[in-house]
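A.B. asks: The working numbering runs 353 ahead of the 1-based position in the sequence shown.
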Amino acid sequence: MKMIDVDKLSQWINSERVELEAEGQSALNMVLKEIVNGTFDLTDHYIGIDDSNGKKMCEGSIVKITFDTNYIDKDFYIGVIKYGADRGYPAFDLEPWIDCDMNAISWLKSESDPSVIKYEVIGNIKDNPELLEV
Numbered sequence: 354m355k356m357i358d359v360d361k362l363s364q365w366i367n368s369e370r371v372e373l374e375a376e377g378q379s380a381l382n383m384v385l386k387e388i389v390n391g392t393f394d395l396t397d398h399y400i401g402i403d404d405s406n407g408k409k410m411c412e413g414s415i416v417k418i419t420f421d422t423n424y425i426d427k428d429f430y431i432g433v434i435k436y437g438a439d440r441g442y443p444a445f446d447l448e449p450w451i452d453c454d455m456n457a458i459s460w461l462k463s464e465s466d467p468s469v470i471k472y473e474v475i476g477n478i479k480d481n482p483e484l485l486e487v
């Protein structure tokens with residue numbers, strides 16, 4: 354299954370629209386057909402930040418946070434990015450919950466905690482659920 358982000362989809366539709374319409378095809382109909390056929394998966398929304406390596410972080414991404422053990426007694430944390438609207442918390446956050454006095458995604462984005470060496474996407478919940486069993 355090919356995964357794309359909505360920004361890239363919008364750019365593709367805008368760049369291909371004229372050509373598709375000239376051929377008598379609707380870009381929207383073509384995209385909807387691809388979604389129905391399972392070619393595109395739009396459920397993994399880009400959350401607006403990249404990991405330490407520049408990889409886009411999306412809903413469903415499994416994130417590994419590596420800690421400096423001079424500050425904290427854990428080497429690392431592994432969690433999945435989830436949107437919490439079904440729990441009354443309409444924001445992206447990490448599960449299992451990590452105690453950082455604020456939303457974990459905002460905490461990572463601020464890069465203000467010296468205990469964090471890096472945070473990186475190591476997989477996604479659909480293809481790599483076993484990564485959460487560490």
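Virtual Cβ for every residue (Gly too), placed ideally from N, Cα, C.
Could you pull the start and end residues of the beta strand (DSSP E) that L505 belongs to?
C.D. replies: Within the shown structure, residues of the chain are numbered from 354 to 487, placing residue 505 beyond reach of any answer.
A.B. asks: What residue does the beta strand (DSSP E) around Y504 start on, and which one ends it?
C.D. replies: Look at the range of the chain in this structure, 354 to 487, and you will see that residue 504 is not part of it.
A.B. asks: Rounding to the nearest angstrom, what Cα-Cα distance links D439 and D452 in this structure?
C.D. replies: Roughly 21 Å separates the two Cα atoms.
A.B. asks: Could you compute how far the alpha carbon of D446 sits from the alpha carbon of I475?
C.D. replies: Going by the C-alpha atoms only, they are around 16 Å apart.
A.B. asks: When burial is assigned at 16 or more other CB atoms within 10 Å of the CB, is V487 buried or exposed?
C.D. replies: Counting Cβ neighbours within 10 Å, V487 comes out exposed, since fewer than 16 surround it.
A.B. asks: Looking at C-alpha atoms only, which residue of P467, Y472 and V416 is the closest neighbour of N423?
C.D. replies: Nearest of P467, Y472 and V416 to N423, Cα basis: P467.
A.B. asks: Can you check DSSP and say which residues form a bridge with L447?
C.D. replies: Answer is I434.
A.B. asks: Extract the residue ranges of the beta strand (DSSP E) inside the segment 395 to 430, only unbroken runs of 3 or more that lie entirely within it.
C.D. replies: Listed in chain order, they are 399 to 403, 409 to 411 and 414 to 420.
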